[in-house]
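Quick note on numbering: the UniProt record's numbering labels position 39 of the sequence shown as 39, and the sequence is numbered without any gaps. Built from N, CA and C at the ideal position, the CB exists for glycine as well.
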Amino acid sequence: MFARVTTYEGPADRPDADEQTQAGFISRVLQMDGCEGVIGMVDRHNGRVLTVTLWHDEAALRASEEAADQVRADAAEAGGAAVADVERFEVTTFEVRSAANA
């Protein structure tokens, strides 16, 4: 599995994008071939937002680059932010506690 981590930076007091807008961006990413999931994180104190997209393999990650560039640009514009960084990683550990184990 591979991951792309995008960092957005904007004003800390900016309003969050509405749920419908966020759902639209997430839907666009999830429809890309090889996408395994999306994780979004926000630091409301400094306006930083991190988005992690998970990909089946490196080929899927690379094949999604152009479409992901457009989604990032659209998301940044909608949220009043700028794309500060985009990094790519191989995922070596991925564990999620299931509801049965909580």
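Which residue from the options puts its Cα closest to that of residue i?
| i | options | result |
| --- | --- | --- |
| residue 38 | 29, 91, 68 and 57 | 29 |
| residue 52 | 70, 6, 1 and 24 | 6 |
| residue 74 | 2, 23 and 33 | 23 |
| residue 76 | 49, 34 and 99 | 49 |
Measure the CB-CB distance between residue i and residue j and report whether it falls below 8 Å.
| i | j | result |
| --- | --- | --- |
| residue 36 | residue 84 | no |
| residue 1 | residue 96 | no |
Whole angstroms are fine: how far does the CA of residue j sit from the CA of residue i?
| i | j | result |
| --- | --- | --- |
| residue 60 | residue 45 | 34 Å |
| residue 64 | residue 82 | 20 Å |
| residue 26 | residue 62 | 18 Å |
| residue 47 | residue 13 | 7 Å |
Pull up the CB-CB distance for residue i and residue j, whole angstroms please, since I reckon it's below 8 Å.
| i | j | result |
| --- | --- | --- |
| residue 21 | residue 78 | 6 Å |
| residue 4 | residue 71 | Contact doesn't hold; Cβ gap of about 11 Å is too wide. |
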